[in-house]
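Heads up, the thing below is written out as structure tokens.
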Amino acid sequence: MMDARRQTGRMKAARTTIRRRHGARTRMPDKPLLILPPAPARQAGLERLLTEESETRRADLVQRFCVGLPHARDALAIATEATTPIACAVIRRRGTVGVFGQLYTAPPHRGKGHCRRLTQTLLSWFDMSGGKWLYAHTRVDLYERFLTHFGFAVLHRLPREQDEYVMLLRRPAAAAPHPFARLNGAFGTRRMTRADWPLVVALLNHYPGPDPRISPAESALAAENAAFDLFAQQEAGAVELIGLTAGKRLAAVASVALDRKGDRTHAMVIPHDRADAAAREAIAEFARTQSYTHVDYPFESLVASASSPAPASPDEPPAPA
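Take any residue in the sequence shown, count from 1 to its spot, add 35: that is its number in our numbering.
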């Protein structure tokens, strides 16, 4: 008994010595904060933290978390030091589909496990709140040394000589291979909004894009930026994005140009092989409400070419291209 008490006393003395020598450095980092929008008070801190991020992604983050998007189910995790954000990660989400990204730690605070804690926080929330399909576009090295340990698997990657980025998917074993499997139900349409961004990213990862000359892997790896561009053009009034649905589930997306003069406009469909009779009639019906009597599909005249890594622009490209 005395030996046990002496050992306990020595351990307490050792901890006291460590605290005195190292001070605050022995303090465990606080748990990340999980933030659900709207949270306008976070805008200034996020913008300071993400100065190296593209303006497109910063603006989208502000709109989602500081204003809020109807029908979106986004979540943000941040680590702070004295109330100042020092690391963050985000899941942009619509229904059961999400896209994980913007995993970032300020340089002075790297190597302290912030990315791991942020990722764990968001994945736990996603799983417990019914999320199923979670995508991520990231560098190969980040996947191999980090994200592979969180259940992500490679969905798309380019040949080794071009292999800088990969597209990943994380899903439960019991879930369907992707959100668009087993589509059924009556054909319908609905207006797309920025909240649907994750669904467009997912669609471009499992089906061909609008241009048949671009390989599925290239289309998937460019999906995030392509989807951002589409919604930016819709919000600028240049196009209208129409969701083509099977029952209540998205099956395709049509982009109809609104900036054409005269009575003719053009459209593109994602995936390009889903412009069937029902889709064309829905697109034509919308076009008539904008005083267009004819809709062209320029990408239909193009021939898929697997040997062309960078397609030339057609003479009359659809506005979203």
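Ideal Cβ positions, reconstructed from N, Cα and C, are used throughout, including at glycine. Note that this is a predicted model, so its numbers are computed, not measured.
- Between the C-alpha atoms of F266 and D65 there is a straight-line separation of about 36 angstroms.
- Just so you know, the alpha carbons of F185 and A289 end up roughly 34 angstroms apart.
- DSSP, reduced to helix, strand and coil, places D331 within a strand of the structure shown.
- When DSSP reads this structure, I126 sits in a beta bridge with A110 and F135.
- Counting the other Cβ atoms within 10 Å of the Cβ of D294 gives fewer than 16, which makes it exposed.
- Listed as beta-bridge partners of Y242 by DSSP are no residues whatsoever.
- Taking a 10 Å sphere around the C-beta of S326, we find fewer than 16 other C-beta atoms and assign the residue as exposed.
- With fewer than 16 other Cβ atoms inside 10 Å of its own Cβ, M163 counts as exposed.
- Close CB contacts of D198 within its chain, under the 8 angstroms cut and outside five residues either way in sequence, are with V175 and R192 (chain order).
- Look at R152 here: in three-state DSSP terms it is helix.
- If you ignore the 5 residues before and after D298, its C-beta comes within less than 8 angstroms of the C-beta of S326, Y327, T328 and H329, all in its own chain and listed in chain order.
- The beta-bridge partner set that DSSP reports for F187 is empty.
- Sorting T183, F334, K167 and G166 by C-alpha distance to the C-alpha of T173 places T183 at the top.
- According to DSSP, residue pairing for T140 in a beta bridge involves A122.
- Annotation for A262: W232, V235, V236 and L239 place their beta carbon closer than 8 angstroms to its own, counting only its chain and skipping 5 residues before and after.
- Around the beta-carbon of L218, fewer than 16 other beta-carbon atoms lie within 10 Å, marking it exposed.
- Under the 8 angstroms Cβ criterion, the segment 120-127 counts as touching the segment 142-158, having at least three qualifying pairs.
- Taking each of S336, P73, D264 and G282 in turn and checking the Cα distance to T91, the smallest one comes out for D264.
- Note on geometry: alpha-carbon atoms of G278 and A292 lie some 15 angstroms from one another.
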